[in-house]
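Sequence positions in the sequence shown follow this note's numbering and run 142 to 543.
So the structure is just underneath, and the comments pick up after that.
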Amino acid sequence: MTAEPQLERTGGAAGFTRQVDCVVVGGGGAGLSAAVNLARMRRSVLLVDERDRLIWRHRIDNYIGFPDGIPAAEIRRLGWRHAARFGVELLLGHVAAAAPEGNRFRLRIEGLPEGGVPERPATTVPRDPEMARLFGEVPPGSSIDVLARSVVVATGVVGHFPDFPGRDECVGTSLFWCIHCDGYESIDRTVGVVGFDEEAVQTALDMLDFTDRVTIVAGRPEGFDVPASRLANLAAGGIAAYPFAVFDYQNSNGQVQALLLDDPTRTRIALDQVYTVRRSIPMNAVAGQLGAALEANGQIIVNTNQETNVPGLYAAGDVTSPHDHQMSAAIHEGNQAACAANYYLYQPVQREPEGEGWARLSRPRGPAREPAGAPTEPGHAAAPTFDRAAALWQPAPRASRP
Ligand SMILES: Cc1cc2nc3c(=O)[nH]c(=O)nc-3n(C[C@H](O)[C@H](O)[C@H](O)COP(=O)(O)OP(=O)(O)OC[C@H]3O[C@@H](n4cnc5c(N)ncnc54)[C@H](O)[C@@H]3O)c2cc1C
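Below, the structure is given as C-alpha cells:
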C-alpha cells in the first residue's frame, strides 16, 4: 500500500506509464468525494476532470451544512482543496480511451483542446485561479497513459439545457431543470416549462404547488407526446399548453424574459423562469469501454456499493441514475465507491472469507431487503427471503421524480 503514485517504464520509447491505485474520472461532487475518501485510506489517487471552466452559476440550497446555500462552483472549489490536502493528484484532461489490461485498467488522458472538448457546452468563462494553481494539466495536443488498479467513473450527465445566446448566464438564475432542486425559487413566479413528454407534463403539474402561473411549451414542432387525458389535466390545472417549438429564449443579464414561439404568429410568452425538461445523456463512454453494463437509457448499472459488473470498476453520481440528480446523493455515492474500491485493493490477507463482511453487504439498489432470519424489531414480521445472486443485476425500482 503506498500513498505516492509509482512510475514504471513500460515499452521503451513509449516512456513512463503512471501507475496508481485508483483513477477517478470526473471532478464533480461524486468524483471529489471518492478521491478524498480513497486518499484518506492511503491509496494513491489521480483525479482527472475535463471541465476546466465552472460554467453553471447555480446555488445549492438543500445541502445540509450550508443554511444560506452555496454555489455549486464553491462546492467544487472546496472539494479541490480537500482532495489536495490528502494528497490526491488533480489533473485537467480528457479521458479519451480506456481498456482493461490484465487485472488493471489502462486509461489514455488527452490534453484539452483550445475551446474545450468537442460536443460539450462551449463557454467563455475564465479558468478559476484556484483550479489553475491546484491542478496539473496534460498539455494540449499530447496525451499520457495511466495504469490503475481500480477506476471510479463519476462523469455526470450532459444535456439539460438548450443552446441559445446568453444561456450560460441564465442557468441556475432563471433557467432550471429540476423542480426538486429549484421549485422553491419559483414560488409565485411566472414559470414556463419546455418539454413534450410525460416528464415535462408532470413537472408543469408539480409546479402548481409553487405557483399558479404556469405555461407549458412542447419545444418541438411535433407537439406533445402524451395521452389526451394528460392535456386535459393541464387544462384543469389552468396550465396553457402550446404544441410548438421555441424560436427564441429572450434574455438579458441572466434573466430569461420571454419565450418566442415558432408558430405562425411568433407568440411571445413573458415569464420569470424556464424549466427545460429533456432527457439527460449519461457520460458513459469510459465505463462502456471498460465493460460496464448499461441500462437502456445509458446510465451505468451499479449496486448499493457502487460496484459495476466489472471487478475493480465503480461508478457514482448522476451517471448512475436517470432522475435523482442531487449533490448529496453524488457525494454519498462517491464515498460508497471509495469504500468498495478500497476493499478491492486490500491484499488477500486483509480480506474476510468469501461471502462474509463487505461482499455480504452488497445488494442491488432499491428498497433494502434482508435474507430470511435477519433480526427484526420486536413486533415486526420477519423480512421476506431474498436471492441476492439472482437479483444483483436486475434494474432496481427507482423513484420517477425529480
Ligand atoms: C442548474 C442546476 C441546478 C442544480 N441544483 C441543485 C440543487 O439545488 N441541489 C442539488 O443537490 N443538486 C443540484 N443540481 C445537481 C447537482 O449539481 C448534480 O447532481 C451533481 O453535480 C452531480 O455530481 P457528479 O459528480 O455526479 O457529476 P458532475 O458534477 O456533472 O461532474 C462530472 C464531471 O466529470 C467530467 N467528465 C465527464 N467525462 C469525462 C472524461 N471523459 N474525462 C474527464 N472528465 C470527464 C465532467 O466534465 C464533469 O466535470 C443542480 C444541477 C444544475 C445543472
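Note that beta-carbon positions come from the ideal geometry of N, C-alpha and C, so glycine has one too.
Membership of valine 443 in any beta strand (DSSP E) is not indicated, and neither H nor E is assigned to it by DSSP. The stretch 224 to 238 makes no contact with the stretch 331 to 344, as fewer than three CB pairs between them are under 8 Å.
For glutamine 396, the enclosing beta strand (DSSP E) stretches over residues 396 to 402. Look at serine 421 here: in three-state DSSP terms it is coil, with no helix or strand label.
Sequence-distant partners of phenylalanine 276 (beyond 5 residues in either direction) whose C-beta falls short of 6 Å from its own C-beta, in its chain, are Leu231 and Leu233. Valine 397 has its CB no nearer than 8 Å to any heavy atom of ligand 1.
Taking all protein chains shown into account, glutamine 477 has 16 or more neighbouring C-beta atoms within 10 Å of its C-beta and is therefore buried. Apart from sequence neighbours up to five positions away, the residues of its chain that approach leucine 349 with a beta-carbon distance below 7 Å are Val355 and Gly378, ordered along the chain. Counting along the chain, glycine 429 sits inside the alpha helix (DSSP H) bounded by residues 426 to 430.
Its chain contains Phe351 as the residues whose beta carbon lies nearer than 6 Å to that of isoleucine 328, once the 5 sequence neighbours on both sides are disregarded; these appear in chain order. In this structure, DSSP gives glutamine 343 a helical state, which the three-state scheme calls helix.
Distances between the C-beta of threonine 449 and the heavy atoms of ligand 1 are all 8 Å or more.
Residue state for leucine 349 is assigned as helix, using DSSP reduced to three classes. Within 8 Å of the C-beta of histidine 223 there is not a single heavy atom belonging to ligand 1. Across the set Ile285, Gly297, Arg198 and Arg361, the C-alpha of Gly297 shows the shortest separation from the C-alpha of serine 421. Going by C-alpha positions, valine 164 is about 16 Å away from glycine 252. Sixteen is the threshold: since fewer than 16 other Cβ atoms of the shown chains lie within 10 Å of the Cβ of threonine 406, the residue is exposed.
Checking the 8 Å criterion, the Cβ of tyrosine 455 is out of range of every heavy atom belonging to ligand 1.
For asparagine 444, the CB stays at least 8 Å from every heavy atom of ligand 1. Aspartate 347 has its alpha-carbon roughly 28 Å from the corresponding atom of isoleucine 196. Note on geometry: alpha-carbon atoms of leucine 219 and aspartate 366 lie some 42 Å from one another.
Under the criterion of beta carbons closer than 8 Å, glycine 170 and isoleucine 216 qualify as touching, at roughly 6 Å. Taken through DSSP and simplified to helix, strand or coil, leucine 412 comes out as coil. With fewer than 16 other CB atoms across the displayed protein chains lying within 10 angstroms of its CB, alanine 369 is exposed.
The beta carbon of glutamate 474 is closer than 6 Å to those of Ala171, Gln447, Ala457 and Gly458 in its chain, skipping five residues each way along the sequence.
Annotation: glutamine 343 to glutamate 191 spans about 34 Å, alpha carbon to alpha carbon. In this structure, alanine 433 sits near asparagine 450, with a CB-CB distance shorter than 9 Å.
For the options Glu271, Glu340, Asn394 and Val292, the alpha carbon positioned closest to that of aspartate 309 is the one of Asn394. Shown here, histidine 199 sits in coil according to DSSP, grouped into three states, outside any helix or strand.
Using a Cβ distance threshold of 9 Å, valine 418 and cysteine 311 do not count as a contacting pair. DSSP places threonine 406 in the coil class of the three-state scheme, outside both helix and strand. Excluding its 5 nearest sequence neighbours in each direction, valine 229 has C-beta neighbours in its own chain below 6 Å: Ala176, Ala180, Val186 and Leu188, listed in chain order. The DSSP assignment places 213 to 226 as complete runs of the alpha helix (DSSP H) inside the stretch 204 to 256, in order along the chain (cut-off: 4 residues). Minimum Cα-Cα distance from alanine 341 among the listed residues Thr314, Asn438, Asn374 and Ala471 corresponds to Asn374. Looking at the DSSP output, alanine 289 bridges to Val161 and Phe246. Look at asparagine 203: its beta carbon is less than 8 Å from one of the heavy atoms in ligand 1.
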